[in-house]
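Numbered per the working numbering, the sequence shown spans residues 276 to 694. Even glycine gets a Cβ: it sits at the ideal position worked out from N, Cα and C.
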Amino acid sequence: MHTSLLCRPLRASSVLLLATVLLTLPSRARAATPLEDNRRITEGYIQLAYEMGAVLDPTLQPGGTSSVRPNWYVFAPHASRTGGEGMLGTAIARSILDAARGQPSQSVPGALQRVGLTGDAELSAERLGLQLVLYGLPVDAAASLASLATAMNWDALADPRTLVATASRFAAIYSSAPALLPLDKAERVVVTLERTLHEGNLAIFGDIGGAGRLYLDWRQGAGSVTPERVLTEFTLPGAVPAESRQAYDFAVAHAHDTPRPYEFDVLFPGMHWKSLLVAAFAVYEQARLAPTPAGRDALIAMGNNYIAWREQHDMAQPVFTPSPPRADEVSRAALLQALTPLLTTDFGTVEWNYADYAYSLPDRDGNPLTSPPTEYSWAVFWDRWTGILYAFDAAYLQPEGLWVMPEPLVDPTAPSSGD
């Protein structure tokens, strides 16, 4: 498996740097900002993680840790925090464009440094920005787009094949942007990424976070809960009880399969995916009652796969590939493809990045001139889905690490950020 040189202290310092830069920016109109929504969502997920975690491990206390295999809601705060870091990156990019409208920069390093980027973050953005200039982008536009990767996996760009492919894709996206002036074209790219991250954050939390809240509230007043009671008494709008039972029975029968079942469109054709969420909660209850830790963990993993499928197949995919696409944006799919080699998430003390996943597989196209991470796209469901399953399996080896919860991000540009 390819080993990343990226370390947690470096990621943490990059986020602190982003926040420091943004503190120098003017406040925007008072409304819920994407970063404020992200903070609320991350905090909501942390609460759900501990409540659902206590279902599976009654000894778990708020703020504590558990050696029981983490449920989906334990992964969620970390993924939400990563989305927030991406939104911080778009704020940096926008600040570069705002500064350029007052006075253009003479160089990519100058454009980055005048908004406060320094150290490794500046050097990484500079590397990509200079490559974008070679593709014909003006200095400030290049610096702005390069800064989108500030909180991502910088080491992926150490492979010159990845650097060239990433720059080429960004240049094509910039060229396609629905605007005439260079800074406006770059802004369309920045806005597209911010909206994509924000809409995905809201959609998943509203659906799966909301379903988890409904389930835990029902459970609190239900008394003694069994899988059978979940299947017969708890429901979600759109869920079909017979489908939930089918999915539950399958999970119990196949929890120990190798590989773990994951092609649910083939296994459950036509199933309403709200039914899959109800089944997942019943599976968690069965895991709680399992006679052995191995049986418990196998069932938790099946429940996680059910919820993650719903998350990615039905909530994230329409956000990543909207139909019809918005006329004032660049292609979301193309933008996500360009960023795929740089994607990374810290699940507590467990680091995952897409480059490691891609390098762990056989070379997809067999071409030594292309790097494996550039041969995949986060916008393609199966590329994303199998990468997420890889992340799950890595995290299952260190279950306690996921309970090191992220600090929810504050929007430094919001007037209430210090409240």
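Find the nearest neighbour of residue i within the set the options, judged by alpha-carbon distance.
i: L458; options: P379, Q388 and I479; result: P379
i: V343; options: A351, M327, L511 and P352; result: M327
i: Y490; options: G475, P512 and H473; result: P512
i: L392; options: I367, R402 and V414; result: I367
i: V465; options: R389, G361 and P536; result: G361
i: T308; options: L398, R470 and A440; result: R470
i: F595; options: P687, I479, V558 and A569; result: I479
i: A554; options: D395, N580 and E318; result: N580
i: Q673; options: L617, D572 and G496; result: D572
i: Y671; options: L405, S635, E626 and V655; result: E626
i: A418; options: A354, N428 and E401; result: E401
i: P683; options: N346, A351 and P345; result: A351
i: L456; options: W429, D482, A375 and L468; result: A375
i: D430; options: E318, A576, D631 and P597; result: D631
i: T624; options: A576, R563, P681 and A426; result: P681
Name the two residues that bound the continuous alpha helix (DSSP H) containing residue i.
i: V390; result: First-last for V390: undefined, no H or E at that position.
i: N313; result: P309 to L331
i: T365; result: W347 to G377
i: D415; result: V414 to A421
i: V465; result: P457 to I479
i: V625; result: Careful: V625 lies outside any alpha helix (DSSP H), inside the beta strand (DSSP E) at V625 to N628.
i: L574; result: P568 to W584
i: T437; result: P435 to S451
i: T507; result: P502 to E508
i: P616; result: No alpha helix (DSSP H) holds P616; DSSP gives it neither H nor E.
i: L552; result: W548 to L564
i: V527; result: P516 to H529
i: R494; result: G485 to Q495
Exposed or buried, which one is residue i when buried takes at least 16 other CB atoms within 10 Å?
i: W678; result: buried
i: S302; result: Residue placement at S302 is flagged as unreliable, the pLDDT there being 46, under the threshold of 50; the coordinate-derived value follows with that caveat. Counting Cβ neighbours within 10 Å, S302 comes out exposed, since fewer than 16 surround it.
i: G484; result: buried
i: P568; result: exposed
i: V541; result: exposed
i: P435; result: exposed
i: S289; result: Confidence is the limiting factor: at S289 the pLDDT is only 47, short of 50, which leaves the residue's position unreliable and the question unanswerable from this model.
i: L323; result: buried
i: G578; result: buried
i: L335; result: buried
i: P333; result: exposed
i: H473; result: buried
i: S519; result: buried
i: G394; result: exposed
i: G358; result: buried
i: T615; result: buried
i: D658; result: buried
Tell me which same chain residues have a C-beta within less than 7 Å of the C-beta of residue i, skipping the five on either side of it?
i: L477; result: D312
i: A304; result: Note on A304: pLDDT 44, under 50, position unreliable in the model; the coordinate value appears next. There are no such residues.
i: A354; result: T620
i: G570; result: none
i: Y348; result: Y320, L323, A324, M327 and G487
Going by DSSP, what residue range makes up the beta strand (DSSP E) through residue i?
i: T620; result: T619 to F622
Spatial neighbours of residue i within its chain, please: CB distance less than 6 Å, with the 5 preceding and 5 following residues excluded, ordered by chain position.
i: F539; result: W584
i: D640; result: E650
i: W660; result: Q587
i: A666; result: W627
i: Y325; result: P337
i: A557; result: P502, V505, L506 and Y523
i: P345; result: P674 and L677
i: S646; result: D434, R436 and T437
Whose C-beta lies closer than 8 Å to the C-beta of residue i among residues of the same chain, with five residues either side of it excluded?
i: T507; result: P516
i: A446; result: L407, Y410, G411 and L412
i: P600; result: S606 and R607
i: L611; result: T471, F595, S652, W653 and A654
Should residue i and residue j be called a contact, given that it needs their Cβ atoms to be closer than 7 Å?
i: A386; j: V414; result: yes
i: A591; j: G475; result: yes
i: D589; j: W653; result: no
i: L405; j: V383; result: yes
i: P467; j: E604; result: Note on residue identity: the sequence assigns Thr, not Pro, to residue 467. Yes. Within cutoff.
i: Q561; j: L574; result: yes
i: A461; j: L420; result: yes
i: G662; j: Y634; result: no
i: Y644; j: A424; result: According to the sequence provided, residue 644 is Leu. The question's Tyr does not apply to it. Going by C-beta atoms, L644 is not nearer than 7 Å to A424.
Does the Cβ of residue i lie closer than 6 Å to at least one heavy atom of the ligand ADP?
i: P544; result: Absent from the structure shown: the ligand ADP. Ligands present: none.
At the 7 Å Cβ level, is residue i part of the contact set with chain C, yes or no?
i: V553; result: Absent from the structure is chain C; it holds one protein chain and no more.
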